[in-house]
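What follows is a short report on a single structure.
Protein chains: 2
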Amino acid sequence: MPRSKAEPSDRSKPGTDFLQLDLSQAPDGGLIGYLTERLRAAIADGRLPMGSRVPPGRVLAEELRVSRGVVTEAYRRLIEDGQLAGRGRAGTFVVAAPIAPPTGVRHAEPRPAHTDFAVAPGHDVFDLLRASPARIDLTPGVPDLAAFPRGGWLRAERRVLDALDPADFGYGDPRGAPPFRRAVADWLARNRGIRVDADDVVIVTGVAQALDLITRVLMDDGIGEIAVEDPGSLGVRQHLASRRLRTPPIPVDAAGLRVDLLRESGAPAVALTPAHQFPTGVVLDGGRRRELVKWADENRGFILEDDYDAEHRYDRPPVPAVQALLPDRVFYAGSVSKTLAPALRVGWLIAPPSHREAMVVAKRYADLGNAVLPQLVLTELMESGELERHLRTLRRRHRRRRDAMIEAIHAHLPQARIHGAAAGLHLTITFDADFRDTDVATRALEHGVKTQPLSWHYQLPNEPGLVLGYAASPPADLARGIALIREAVLTVEGAGPRRGSS
Amino acid sequence: MPRSKAEPSDRSKPGTDFLQLDLSQAPDGGLIGYLTERLRAAIADGRLPMGSRVPPGRVLAEELRVSRGVVTEAYRRLIEDGQLAGRGRAGTFVVAAPIAPPTGVRHAEPRPAHTDFAVAPGHDVFDLLRASPARIDLTPGVPDLAAFPRGGWLRAERRVLDALDPADFGYGDPRGAPPFRRAVADWLARNRGIRVDADDVVIVTGVAQALDLITRVLMDDGIGEIAVEDPGSLGVRQHLASRRLRTPPIPVDAAGLRVDLLRESGAPAVALTPAHQFPTGVVLDGGRRRELVKWADENRGFILEDDYDAEHRYDRPPVPAVQALLPDRVFYAGSVSKTLAPALRVGWLIAPPSHREAMVVAKRYADLGNAVLPQLVLTELMESGELERHLRTLRRRHRRRRDAMIEAIHAHLPQARIHGAAAGLHLTITFDADFRDTDVATRALEHGVKTQPLSWHYQLPNEPGLVLGYAASPPADLARGIALIREAVLTVEGAGPRRGSS
Chain A
1 MPRSKAEPSD RSKPGTDFLQ LDLSQAPDGG LIGYLTERLR AAIADGRLPM
51 GSRVPPGRVL AEELRVSRGV VTEAYRRLIE DGQLAGRGRA GTFVVAAPIA
101 PPTGVRHAEP RPAHTDFAVA PGHDVFDLLR ASPARIDLTP GVPDLAAFPR
151 GGWLRAERRV LDALDPADFG YGDPRGAPPF RRAVADWLAR NRGIRVDADD
201 VVIVTGVAQA LDLITRVLMD DGIGEIAVED PGSLGVRQHL ASRRLRTPPI
251 PVDAAGLRVD LLRESGAPAV ALTPAHQFPT GVVLDGGRRR ELVKWADENR
301 GFILEDDYDA EHRYDRPPVP AVQALLPDRV FYAGSVSKTL APALRVGWLI
351 APPSHREAMV VAKRYADLGN AVLPQLVLTE LMESGELERH LRTLRRRHRR
401 RRDAMIEAIH AHLPQARIHG AAAGLHLTIT FDADFRDTDV ATRALEHGVK
451 TQPLSWHYQL PNEPGLVLGY AASPPADLAR GIALIREAVL TVEGAGPRRG
501 SS
Chain B
503 MPRSKAEPSD RSKPGTDFLQ LDLSQAPDGG LIGYLTERLR AAIADGRLPM
553 GSRVPPGRVL AEELRVSRGV VTEAYRRLIE DGQLAGRGRA GTFVVAAPIA
603 PPTGVRHAEP RPAHTDFAVA PGHDVFDLLR ASPARIDLTP GVPDLAAFPR
653 GGWLRAERRV LDALDPADFG YGDPRGAPPF RRAVADWLAR NRGIRVDADD
703 VVIVTGVAQA LDLITRVLMD DGIGEIAVED PGSLGVRQHL ASRRLRTPPI
753 PVDAAGLRVD LLRESGAPAV ALTPAHQFPT GVVLDGGRRR ELVKWADENR
803 GFILEDDYDA EHRYDRPPVP AVQALLPDRV FYAGSVSKTL APALRVGWLI
853 APPSHREAMV VAKRYADLGN AVLPQLVLTE LMESGELERH LRTLRRRHRR
903 RRDAMIEAIH AHLPQARIHG AAAGLHLTIT FDADFRDTDV ATRALEHGVK
953 TQPLSWHYQL PNEPGLVLGY AASPPADLAR GIALIREAVL TVEGAGPRRG
1003 SS
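From first to last, the protein sequence lines stand for chains A and B.
Take the first sequence: its position 193, counted from the start at 1, is 193 in the working numbering, and no numbers get skipped.
Take the second sequence: its position 184, counted from the start at 1, is 686 in the working numbering, and no numbers get skipped.
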């Protein structure tokens, strides 16, 4: 029978008044694992609620009469799993419940509908998928959000607010705050090989807005179609289509975009993801880069370079931006969505010199410029090296998560081929089979696992597959998620006709 | 000779080591005024630099051997003037230097050009005006920015970051964070008489973005022109024109928009500022409101209601939003730009039910939704009553500043007529004369005073005038600014032909 916390006699049995922990039940030599599991259970059933602070390691160690190292290591594992997070001197907090319905009290509200993978995706497909309840979210596109440096952000914001001139609370330069534009120019020079003056950077609210401003400016030039990669981002294609732009699909192979087919298409512009193609993860190789540059030069073509997760790579050298090769023809866009958090809505855009003025006009009328405080906070984080340190931490965590997902795929889905795992926040698996991947995604969602069917991102015929984000989920969720996807695949394979196995 | 702070003997003469204050020179009975002036001088010449903390009142009072009330009152006057700001327990800080070139170290950089009032205003006219150096900025459109509640903002942000679910750092609902939409719906019900469900609010980055989304949606409906008030905001007209919308001018008289002329114009939509017409300050009266509703009903016309500074009124009862009369035909937009700060870039938009879904699609493709942290911070400030308290403080300060400006106009520009001073953040003056107000604005800028010529905001022939913001400047600057405008008017009157005086 659980004891009430109010009974003072509870204090006599160390730890039991706090979490009903009985370490005498721990297996021999498995104290750390046992404690980790008990804490995980306490988080899952609400005894340690979201947002609560766990006791300092020293205190819990004393109560449990174990060495402090045992508690420290258990906390470390839960931090690694994304269930706890350290907030400096404030202590360590519960930040996510494991394998449980989304808590998100702040956002809880009735939702009108859920993802239906059987129908063609509409404008709101990503909103519906986000709102679909699932215990494990393997949709791609976000970094480890539990790692967001809350303490560092707040400290930087305090410094910014302490120093800010009142006039800076007024309307500002539509291109963004000058110190941030300088910091971004430095960041791009250091990390992406891009040489650009701070005055030529336009701060935007992310790659989506960048795309919107670029299309506005190009459409004013009379451009009516922008070629896209196939497979390529469904979101980008929907966005372009919503502006009534045609989006001829250009196939991607192991070397990246088929520039020869781009040339054949006659399209005056192309949107692509050269550093880590979405969703295949292919890198645009040297030969293709040269071909692309030649195409743009000869055809006065425009390149929209979406550098969406260039900062994340594990097993390969960095790939410089195409912008650095051909600044006169490239619109370059990046953001902090994959290095810090999409919810910040901060990114940057570099237009070719011919279109810089038009781009500033477009940004001005879109929203008069980004909010100032977050820009100055990010300036602090970039200039102090804190963002770079955060990125190194993220890379280590993401790499472990990627390895955990690959291991689980090898174990549960040996027939799947894995693509694009050398970098980024997601990988793609394909099946040599003739089931519909939307059916697999439907079954997986029924099993509590959210994924994106690969066919969403194709315009041309394709192999079935799934796009799987690993960066935002702890290793235990990744393993369980893949095991559940195996169930989904088995169900779908059992239901329909199959091609002979190769 | 000023003494060095390093000399210990200085401590023997109270205060002198700190600010070279000699209270024996204070006039009889004028201790507070003298101390205020000495502190002001210390801020002006850099002995108390921007961002520095002034000594706690108790400490300075002891050093100077005066009662604490003297110091408190001197600080209060400097806070009222916008030169000091209290930041809670952190103390009181220097936040603005009086009558000196803009400090703004953070934003200092070479600027390419300055405002030229002689040419027709281009897309970048407001940027150029903002970048033009001037000692006194009387351009309209911003509240008292020195009053921004930095401490309250930071405390609220700490609470938000402590409680945030990691998933909230991901991509969110393009309509905005649900708790903030609820807070905005409550705010609009309480302050603007608007009854709306939280789900029907779309959070945007300000009225500029609202206008952009509305025009997108209306243009998709085939609408090619949106009537505007005359005079009316140059910024709004430029924005609409940049989207290739025609903007037929509808005159404004003492009762507001001439709805009879709107009807004659045949325009399918009209953008207006019913609560405090920009720039005249006229309120759309009851009769005109009924006419407007009838027009929209009979013509299936759309009303774009820009509620830009509805929260600021001094000598008149509140005016409810037109949206509350006719929710089916009104696009309503508001923001925190005039209650807190334009630099936050947060506003809201309510579309008629017929266009709500299209509006969400437009917002999604524009930027995927606003940044989350500022929305949740604002939720805290709204729900805790802190924003309402801030608004009361602002109203008191703004009213005093308005009174100071009116007094200065009576003293220095008795020939000017004052318009729209019962509410808002600015007033407009007109002259029964035939000089060009752009010439006056040019001269005023040469004298170090930034204003907007009234003719910028007219499409039809008009009297010369100036639009003068008073909310962002301390009373001393307002008085000096108006005195310098008098000089500008005299120069211009002396140079050109004049109509006979009336």
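Ideal Cβ placement from N, Cα and C applies to all residues, glycine included.
Note that the structure is a prediction, hence the values are computed from the model and not measured.
When the alpha-carbon of B/Asp722 is set against those of A/Val201, A/Pro352 and A/Arg244, the nearest one is in A/Arg244. Put simply, the CB of B/Val969 is far from chain A, with every gap to its CB atoms at 8 Å or more.
Taking 8 Å as the CB threshold, B/Val863 lines the interface with chain A.
Annotation for A/Ala341: Leu145 and Phe148 place their beta carbon closer than 7 Å to its own, counting only its chain and skipping 5 residues before and after. For B/Ala812, the closest alpha carbon among the candidates B/Arg831, B/Leu715, B/Ser837 and B/Arg792 is that of B/Ser837. Contact of B/Gly996 with chain A is not assigned, every C-beta pair being separated by 8 Å or more. Excluding residues up to 5 positions away in sequence, Ile908, Ile911, Leu929, Thr930 and Ile931 lie with their Cβ nearer than 8 Å to the Cβ of B/Ile920 in the same chain. Not flagged as an interface residue toward chain B: A/Leu445, since no C-beta distance is shorter than 8 Å. With 16 or more neighbouring CB atoms inside 10 Å of its own CB, B/Ser839 falls in the buried class. Note: A/Gly465 is bridge-paired with A/Thr430 in the DSSP secondary-structure output.
Assignment of B/Ser837 by DSSP, reduced to helix, strand and coil, places it in the strand class.
In terms of Cα proximity to A/His355, the closest of A/Pro274, A/Ala177 and A/Asp200 is A/Asp200. Contact with chain A is absent for B/Pro781, since none of that chain's Cβ atoms lies less than 8 Å from the residue's Cβ. A/Phe148 carries a coil assignment under DSSP once its states are collapsed to helix, strand and coil. Runs of the beta strand (DSSP E) spanning 3 or more residues and lying entirely within the region 397-443 of chain A occur at 417-419 and 426-430, in chain order. For the pair A/Val59 and A/Leu31, the CB atoms are not nearer than the 8 Å cut-off. Against chain A, the CB of B/Arg847 has a partner CB under 8 Å away; the residue lies at that interface.
Secondary structure at A/Asp230: strand, using DSSP grouped into helix, strand and coil. For B/Ala587, the uninterrupted beta strand (DSSP E) segment begins and ends at Leu586 to Gly588.
Interface residue (Cβ-Cβ distance to chain A less than 8 Å): B/Pro876 is classified as such. C-alpha of A/Ser52 to C-alpha of A/Phe93: approximately 6 Å in a straight line. Distance between B/Lys952 and B/Thr775, taken at the CA atoms: about 24 Å. Around A/Gln452, no beta-carbon contact reaches into chain B at under 9 Å, the shortest distance being about 13 Å. Secondary structure in the region 284-342 of chain A: the beta strand (DSSP E) runs of 3 residues or longer, each lying completely within the stretch, are 302-306 and 330-335 in chain order.
DSSP lists B/Trp850 as the beta-bridge partner residues of B/Ile705. Straight through space, the alpha carbons of B/Val621 and B/Asn964 are spaced by roughly 17 Å. Assignment of A/Arg246 by DSSP, reduced to helix, strand and coil, places it in the strand class. Within its own chain, the residues whose Cβ lies closer than 8 Å to the Cβ of A/Asp297, once the five positions on either side in sequence are excluded, are Leu326 and Arg329, listed in chain order.
For B/Thr707, the closest Cβ of chain A is nearer than 8 Å. Buried is the label assigned to B/Lys865, since at least 16 other Cβ atoms lie within 10 Å of its Cβ.
Contact annotation: B/Pro668 and A/Val95 have beta-carbon atoms nearer than 8 Å. Bridge pairing for A/Lys363: absent [DSSP].
Residue contact with chain B for A/Tyr75: absent (no Cβ-Cβ distance below 8 Å to any residue of chain B). Within 7 Å of the CB of A/Glu157, the CB atoms of chain B belong to Leu656 and Glu659, in sequence order along the chain. CA-CA distance, A/Val204 to A/Ala210, rounds to 6 Å.
A/Gln452 sits close to A/Ala441, with the two beta carbons spaced by under 8 Å.
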